[in-house]
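Numbering (the working numbering), first residue to last: 46 to 119.
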């Protein structure tokens with residue numbers, strides 16, 4: 046579940062695909078520069094690649110817990 050119209054800014058390493066929160070930060074694994082990404086969009090794309098169902102909702106509870114959530118199955 047993803048909050049509608051949410052943007053979670055961050056960085057993704059150009060070389061090793063490590064995610065970082067702080068702008069201007071170099072990758073802690075390989076010291077490369079990061080590209081600006083939207084973590085919410087990255088999470089949705091990863092979920093779709095793994096055949097997960099994604100719902101976009103407008104919910105106050107979801108806003109209170111970080112705007113994104115998952116129901117995990119094993």
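Beta carbons are placed, not taken as given, at the ideal position from N, Cα and C, and that holds for glycine.
Checklist line | Pick from 95, 94, 91 and 114 that is closest to residue 103, judged by C-alpha positions | finding: Along the chain shown, read from residue 1 onward, the residue named residue 103 stands at position 58. Here the closest residue by C-alpha is 114.
Next item on the list: Rank 73, 50, 66 and 69 by C-alpha distance to the C-alpha of residue 60 and give the top, closest one.
Entry: Residue 60 sits at position 15 when you count from the first residue of the chain shown. That would be 73, whose Cα lies nearest to the Cα of residue 60.
Notebook entry, point to check: Excluding five sequence neighbours on each side, which residues of the same chain lie with their C-beta closer than 7 Å to the C-beta of residue 80?
Noted result: Against the chain shown, residue 80 aligns to sequence position 35. These residues qualify, in order along the chain: 56, 57 and 59.
Next item on the list: Within the region 47 to 79, note down every full beta strand (DSSP E) run reaching 3 residues or more, in order along the chain.
Entry: Those beta strand (DSSP E) runs which fall completely within the region 47 to 79 and span 3+ residues are 54 to 58.
Check: Since residue 85 contacts residue 47 with CB under 8 Å, what's their CB separation in whole angstroms?
Finding: Translated into the one-based positions of the chain shown, residue 85 becomes position 40. Translated into the one-based positions of the chain shown, residue 47 becomes position 2. Residue 85 to residue 47, Cβ: 6 Å. Contact.
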